[in-house]
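Below is one structure, written out as structure tokens; the observations come after it.
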Amino acid sequence: MRYFARKFGFFVATLWAVVTLNFLIPRLQPGDPAEIMVKKLAGKDAQLDPAQVRAMRAMLGAPDGSLVQQYGTYLGELVRGNFGLSYSYYPFKVTEVIGQAFWWTVILVTVTQALSFVVGVVLGAYAAWRRNSRFDSVVTLGSTFLGTLQPFWIALLLLYVFGYSLGWFPTSGGYEESTPGLNFPFVQEAVSHSFLPALALLIVTPIGWILGMRNTMIMNLGEDYIRLAKAKGLPDRVVALKYAARNALLPSVTGFALALGGVLGGAILVEQAFDYPGLGRLMGEAVENKDYPLLQTLMLLTTVGVLVANLVADLLYGVLDPRARRAQS
Amino acid sequence: MTTTPAKDFMAEGDSAQALTLEQVSDAGRPDRWWEVVWSSRKARVGVVIVSVYVIVAVFAPLVAPHDPLDSTFTPLAGASGDNWLGTTTDGRDIASQLIYGSRISLLVGLFGGLLATIISLVIGMVSGYAEGTIVDDILSFVTNVALVIPALPLIITLVAYSEVRGVWLIVFVIAITSWAGGARAKRAQIITLRNRDFVTAAKFSGESTTRIIFREIMPNMSSLVAAAFVGAATGAIGAEAGLAVLGLGDSQSVSWGTMLYQANAQGAITQGLWLWVFVPGLVLAILITGMSFINFGVDLLSNPHLREDA
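From first to last, the protein sequence lines stand for chains A and B. Take any residue in the first sequence, note its place counting from 1, add 858, and you have its number in our numbering. Take any residue in the second sequence, note its place counting from 1, add 874, and you have its number in our numbering.
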């Protein structure tokens, strides 16, 4: 129980740190960020709803009031889910703009993350089992080499070859003419538009799993219980899967959430190349248009997403491995 | 006649002594660190690759045929004797941009890696040495927080706020967002080292804590630190490329990331200018490969078991 309490405590503390960081970043810059932004909004010749302006000021830091007061207002607005208005998509709320893009990225990242976990763990385990074989060296050297490639570059090459030269896949966007929703033409279009971005991510993301799984598996294969299992005359398949691989999987579970941060970074770059309508492209747009409310909310959202995934992985690890629960308590 | 056995004995003793001395001195002299690194074929290849990049970067004005920002060439020209890799849509020489681009990557790699290593070293060592105290609790918490926060969104946000995006800002932002993994590894390492006899001896002889940490313990971690530096430098080079690709690169100079950004923004792919897209990513990949090869050699320093079949 203490294990879970400690993990949850860390989650809450980290969440607070991130929220505070998000509050401090605009205030690290010279000048009054709120003043600059309010000026920008006023320049957009739109009628400003005073309530909305007030909400935005709270989010960005009202020019009047001390830092502590600003922090209080900021936390209050955050709890109420008020993240202000987007500049580039004015007069839409940041949350509405993000809502449009949210599922594109979540589905892309979840599917590729799950696939690369399976692919990586299977390849890594098999490479360790057949250590020093040709398969092993191809997998190890191959992943070392692929690990040096930039996701954005891979995306551009895929786009060039499969998008333009061969014309097998659409080259940008998320869908064509169908109405978004759960209807067949839309799903079909979304899948064909997501194929290349997912492939670009799948080239890079399994590498960590492959090498990590291979290392833990090799370590486990040197343990006495493996020798005993072999001495008992158990078939190779049982020793490899039920004894070695099963135990080697555990560290990969905690790695799963940590790797999510890296995958997210890759997704931001890949979405950029494919003009994929997800959070990454939105982030690029926010940077380009200096849409700070949007940018900051995206930063907060992606970070909190990774934190939650971490918490889930930690809790799961505690359930799977009794040693983790007992250690350090 | 009576002296003979003694003489024999002496002679025998001499040669035996000489032999032992020789064996001792042979076993006692550790290989120099560069000998160990150089003994790995991969590391040799890596050193050669990185050296070539460094030479090209240092002598870029001599190597490059043109000014990278000179836009007076025929736009969209193919590869020719004058423009080795063709020109961009706004008439700049791609080969020269590529050559000058190596400067940014190496600069960011060197200083970003250095700064990240220093931060991780100080935090990791202090926290590891103070294990179990409140200082360690605070530093470990900060490290763990920094570790779970996804780096790229944070880097993007930090850089997006600044009006002037020079290369030093990029170095700084990359360093302060990428030290956490290294700090954790160094903390673990120092915890295993701090209970060794030589540290206890240093404590009893009244050495100060700072001296024990940085003069007694740190030299024993130098190979780990070297490996961490190469890793951090590689990460910094990749992060710079990622930032530049989003249009957040140094606006005053050309880097491989900004080349890819412009290639994408100006539709190099639709116009069939594949060299423009292909080459910057390729040279980046080769550089990163060279650096990870060097790390194979550095690993031999910290883990002698790996040395035999090198």
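Idealized CB from N, CA, C, for every residue including glycine. Note that the structure is predicted; figures quoted are calculated from it, not measured.
Counting only Cβ-Cβ distances below 7 Å, residue 1003 of chain A has contacts in chain B at 1163, in chain order. Under DSSP, residue 943 of chain A takes part in a beta bridge, and its partners are A:951.
By the criterion of a C-beta distance shorter than 7 Å, residue 1067 of chain A is surrounded in its chain by 974, 975, 978, 979, 982 and 1110, once the five residues flanking it on both sides are discounted. Looking at the backbone, the Cα of residue 1071 of chain A and that of residue 998 of chain A are separated by about 11 Å. The residues 982, 983, 986, 987 and 1048, in chain order, have a CB closer than 6 Å to that of residue 1110 of chain B in the same chain once the five nearest residues on each side in sequence are set aside. Sequence-ordered contacts of the segment 1153-1164 of chain A with chain B read 1153, 1154, 1156, 1157, 1160, 1161 and 1164 [C-beta pairs closer than 8 Å]. Assigned with DSSP and collapsed to three states, residue 1083 of chain B falls in helix.
Of the candidates A:940, A:1012, A:1082 and A:984, the residue whose Cα lies closest to the Cα of residue 1154 of chain B is A:1012. In this structure, the straight-line span from the alpha carbon of residue 1158 of chain A to that of residue 1098 of chain B is close to 34 Å. Per the coordinates, the alpha-carbon of residue 1078 of chain A lies some 29 Å from the alpha-carbon of residue 1164 of chain A. With contacts defined as CB atoms closer than 7 Å, residue 1121 of chain A and residue 969 of chain A fail to qualify as a contacting pair. Straight across, the Cα-Cα distance linking residue 943 of chain A with residue 1051 of chain B is about 28 Å. The beta-carbon separation of residue 968 of chain B and residue 960 of chain B, rounded to 5 Å, stays under the 8 Å limit for a contact. In the three-state reduction of the DSSP assignment, residue 878 of chain A falls in the helix class. Selection B:1067, B:1036 and B:1147 evaluated against residue 1123 of chain B yields B:1036 as nearest (Cα-Cα).
Of all alpha-carbon atoms in A:886, A:947, A:876 and A:866, the one lying nearest the alpha-carbon of residue 1144 of chain A is that of A:947. With respect to chain B, the C-beta atom of residue 1176 of chain A has no partner C-beta closer than 7 Å. No Cβ of chain B is located within less than 7 Å of the beta carbon of residue 928 of chain A. For residue 1168 of chain A, the chain B residues whose Cβ falls inside 8 Å of its Cβ are 1022, in order along the chain.
In the displayed model, residue 1108 of chain B falls within a helix according to three-state DSSP.
Excluding the 5 residues flanking it on each side, residue 987 of chain A has same chain C-beta neighbours closer than 6 Å at 1098, in chain order. Assignment of residue 1011 of chain B by DSSP, reduced to helix, strand and coil, places it in the helix class. CA-CA distance, residue 1101 of chain B to residue 1165 of chain B, rounds to 10 Å.
Inter-residue distance for residue 1003 of chain B and residue 1077 of chain B is about 13 Å (C-alpha atoms, whole angstroms).
Contact fails between the segment 1051-1070 of chain B and the segment 1131-1138 of chain B, because fewer than three Cβ pairs, one in each stretch, are under 8 Å apart. Taking all protein chains in view, the Cβ of residue 984 of chain A is crowded by 16 or more other Cβ atoms within 10 Å, so the residue is classified as buried.
Nearest in C-alpha terms to residue 1160 of chain A, of all of B:1025, B:1162 and B:997, is B:1025.
Taking 8 Å as the upper bound for CB-CB distance, residue 1055 of chain A and residue 1134 of chain A are in contact here, some 5 Å apart. Interface residue (Cβ-Cβ distance to chain A less than 7 Å): residue 1031 of chain B is classified as such.
Within chain B, no C-beta atom comes less than 8 Å from the C-beta of residue 1026 of chain A; the nearest is roughly 15 Å away.
The three-state reading of DSSP puts residue 1029 of chain A in coil, since its state is none of H, G, I, E or B.
Excluding five sequence positions before and after residue 920 of chain B, the CB atoms of its chain that fall closer than 6 Å to its own CB belong to 1164, 1167 and 1168, given in chain order. Residue 1046 of chain A: member of the alpha helix (DSSP H) spanning 1042-1062, first to last residue. Of the candidates A:1031, A:870 and A:1021, A:1031 places its Cα closest to the Cα of residue 1136 of chain A. The C-beta of residue 1083 of chain A has fewer than 16 other C-beta atoms within 10 Å across all chains shown, which makes the residue exposed. By a beta-carbon distance limit of 8 Å, residue 1162 of chain B contacts residue 1006 of chain A. Their separation comes to about 4 Å.
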